[in-house]
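Protein chains: 2
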Amino acid sequence: MPIHRAPVPTLERLATYLTYLNELDARGVEMISSSEMEARTGINAAQFRKDLSYFGEFGRPGIGYNVRELKQRIARILKVENEQRVLLVGAGNLGSAIAGYPGLRAQNFNIVAVFDNNYNKIGRRLWELDIHDIADLKSLNKEMQARLAIIAVPANAAQEVANHLVDADIKAILNFAPITLKVPAEVAVRNVDFVQELAVLSFLVAREGAGDS
Amino acid sequence: MPIHRAPVPTLERLATYLTYLNELDARGVEMISSSEMEARTGINAAQFRKDLSYFGEFGRPGIGYNVRELKQRIARILKVENEQRVLLVGAGNLGSAIAGYPGLRAQNFNIVAVFDNNYNKIGRRLWELDIHDIADLKSLNKEMQARLAIIAVPANAAQEVANHLVDADIKAILNFAPITLKVPAEVAVRNVDFVQELAVLSFLVAREGAGDS
């Protein structure tokens, strides 16, 4: 099955298409062409067609792609068509923003439990979720069987949290802490580092400025 | 100057190195080798050396790189060695998490003003910052002269916010809303879409699972 061998950049593009297709579907748009996709996502039309052809035939020449059908097929490819249980560690501002983010539910991600190590937070609620002691993570996940987790704790606590998650049989971590986590090879990690994104923008702005002088 | 032509993937890697170098410097580590850099960032050692050579000579063979010196040079390349003023739009949970994020100050990003369109928020404070009316963005930025801005509003409000920012002479936008913004070509946009990152992880986890069967 070629799907199992899809490289990460292809997956990233598929996730980008899916975000935009959800947006179109919510607005009631029924069809989309590869050139419209290019205009909105910045990924060129030929690349878009190539990415889709990798997983079988989709569109009709001259007519385009059915938005809902394409959305469902990409969701199936990315395995996000069924509910995905997610653990969240960190009940601070960032954790709160993540747990309250409407886009998660829209793409079938369901945060099933929140953990923290702060005794002022444990036992309280974050949105509709109970905040549990991080020490109970492994035992609770035996019931919940989540495979995905989000780390939203300060940098100095993140590695210890990652160790807890690995121990609780988590197989993929989305890490918001600005450190590079050490985890076993079979655990996937993706980092969200918005300060790094600002640094790239900072350079690009300076370059624009340099062009003026 | 080759610096002006540095491609975005190079900049992304430089920002990754910088994050890790800040971490090392904070821990008092003085030297780093390219192979240690590879072990922590996942970017291979040859690529690291090549990225640096693009901007002139840095390390010493067999000895490695001085952490503080390398950090300062990369900060200079990325133009983050001086304070960068940033506007934040959106004073909700996400905006609060961003404004309170300690890593921003550590890399010289300074959020100078927060904007919202909610009259229950305007006039209040977010951390130590006043929340201003989005309608005043253009006039206030005439004084503040920020070139960078962060959008932390719901998807359905993000395009209108982007229009305000462009009108206020913002040249680079970090967008947390899960939509593709339309802006003039001279305005740089980077998107932070963590649901997309979760979708990639979801696929990778499913692939691991498939390998077991």
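In order, the protein sequence lines correspond to chains A and B. Position 31 of the first sequence, counting from 1, maps to 31 under my numbering, and the rest follow consecutively. Position 204 of the second sequence, counting from 1, maps to 204 under my numbering, and the rest follow consecutively. From the three backbone atoms N, C-alpha and C, an ideal C-beta is built for every residue, glycine too.
- Taking the alpha-carbon positions, what's the Ala-206 (chain B) to Lys-79 (chain A) distance? If you number the second sequence from 1, residue 206 (chain B) lands on position 206. If you number the first sequence from 1, residue 79 (chain A) lands on position 79. One C-alpha to the other measures close to 7 Å.
- Task: Decide if Asp-167 (chain B) is buried, meaning its Cβ has at least 16 other Cβ atoms within 10 Å, or exposed.
- Result: Counting from one through the second sequence, the residue named residue 167 (chain B) turns up at place 167. Exposed is the call here.
- Message: Looking at chain A, is there any beta carbon in it that lies within less than 7 Å of the beta carbon of Gln-196 (chain B)?
- Response: Walking along the second sequence from the start, residue 196 (chain B) turns up at place 196. Yes, its Cβ sits closer than 7 Å to a Cβ of chain A.
- Ser-96 (chain A) CB to nearest chain B CB: under 7 Å? On the first sequence, position 96 is the one that residue 96 (chain A) refers to. Closer than 7 Å to some Cβ of chain B, the Cβ of Ser-96 (chain A) qualifies, so yes.
- Task: Step through the CB atoms of chain A and report whether any lies within less than 7 Å of the CB of Glu-143 (chain B).
- Result: As a first step, residue 143 (chain B) is located in the second sequence; it is residue number 143 there, counting from the start. So, not an interface residue.
- Looking at the unbroken alpha helix (DSSP H) that takes in Ile-77 (chain A), where does it start and where does it end? Taking the first residue of the first sequence as position 1, residue 77 (chain A) is located at position 77. Run containing Ile-77 (chain A): 67 to 77, per the alpha helix (DSSP H) assignment.
- Message: Using a Cβ-Cβ distance cut-off of 7 Å, determine whether Asn-110 (chain B) contacts chain A.
- Response: Residue 110 (chain B) sits at position 110 when you count from the first residue of the second sequence. Taking Cβ atoms only, chain A never reaches closer than 7 Å to Asn-110 (chain B), which makes this a no.
- Message: By the 7 Å beta-carbon criterion, what residues does the stretch 177 to 194 of chain A contribute toward chain B?
- Response: Pro-178, Ile-179, Thr-180, Glu-186, Ala-188, Arg-190, Val-192, Asp-193, Phe-194
- Counterpart residues of Val-89 (chain B) in DSSP-defined beta bridges: Residue 89 (chain B) sits at position 89 when you count from the first residue of the second sequence. Bridge partners of Val-89 (chain B): B:Phe-115, B:Ile-151.
- Quick one, which of B:Ser-96, B:Glu-81, B:Thr-16 has its alpha-carbon nearest Arg-40 (chain B)'s? Taking the second sequence and counting its residues from 1, one reaches residue 40 (chain B) at position 40. Arg-40 (chain B) has its Cα closest to that of B:Thr-16, out of B:Ser-96, B:Glu-81, B:Thr-16.
- Message: Run through chain A and tell me which residues come within less than 8 Å of Val-29 (chain B), C-beta to C-beta.
- Response: Position 29 of the second sequence holds residue 29 (chain B). In chain order: nothing, as chain A lies at least about 13 Å away.
- List the residues of chain A whose Cβ lies closer than 8 Å to the Cβ of Arg-76 (chain B), in chain order. Against the second sequence, residue 76 (chain B) aligns to sequence position 76. Within 8 Å Cβ-Cβ: nothing; Arg-76 (chain B) doesn't reach chain A, min ~11 Å.
- Task: Could you round the C-beta distance between Phe-194 (chain B) and Leu-174 (chain A) to whole angstroms and report it? I think they count as a contact, below 8 Å.
- Result: The residue you call residue 194 (chain B) lines up with position 194 of the second sequence. The residue you call residue 174 (chain A) lines up with position 174 of the first sequence. 6 Å between Cβ atoms; contact.
- Buried/exposed call for Val-86 (chain A), threshold 16 Cβ in 10 Å: For the purposes of this step, residue 86 (chain A) is identified with residue 86 of the first sequence, where counting begins at 1. Buried: at least 16 other Cβ atoms inside 10 Å.
- Task: Determine the closest residue to Asp-133 (chain B) out of B:Asn-117, B:Glu-143, B:Leu-148, B:Gln-145, with distance taken between C-alpha atoms.
- Result: Here residue 133 (chain B) refers to the residue found at position 133 when the second sequence is read from its first residue. Residue B:Asn-117 is the option with its Cα nearest to Asp-133 (chain B).
- Item | Span of the alpha helix (DSSP H) around Ala-45 (chain B) | As a working mapping, residue 45 (chain B) is identified with position 45 in the second sequence. Looking at the DSSP string, the run of the alpha helix (DSSP H) that includes Ala-45 (chain B) is 45 to 53.
- Counting pairs of Cβ atoms below 8 Å between the stretch 88 to 95 of chain A and the stretch 149 to 165 of chain A, do you hit three or more? yes
- With 7 Å as the threshold, decide whether the Cβ of Lys-171 (chain A) is near any Cβ in chain B. As a working note, residue 171 (chain A) is residue 171 in the first sequence. Closer than 7 Å: yes.
- Task: Reducing DSSP to helix, strand and coil, say where Ile-134 (chain B) ends up.
- Result: Translated into positions along the second sequence, residue 134 (chain B) becomes position 134. The answer is helix: DSSP assigns Ile-134 (chain B) an H, G or I state.
- Message: I'd like to know if the stretch 94 to 101 of chain B and the stretch 121 to 131 of chain B are in contact, where contact means that at least 3 CB-CB pairs between them fall below 8 Å.
- Response: yes
- Item | Counterpart residues of Phe-203 (chain B) in DSSP-defined beta bridges | As a position in the second sequence, residue 203 (chain B) is number 203, starting the count at 1. BP columns for Phe-203 (chain B) are empty, so no partner.
- Query: Would you say Ala-168 (chain B) reaches chain A, if we count a Cβ-Cβ gap shorter than 7 Å as a contact?
  - Reply: Counting from 1 along the second sequence, the entry for residue 168 (chain B) is found at position 168. So no, Ala-168 (chain B) is outside the interface.
- Ala-172 (chain A) (DSSP reduced to helix, strand or coil): Translated into the one-based positions of the first sequence, residue 172 (chain A) becomes position 172. Reduced to three states, the DSSP call for Ala-172 (chain A) is strand.
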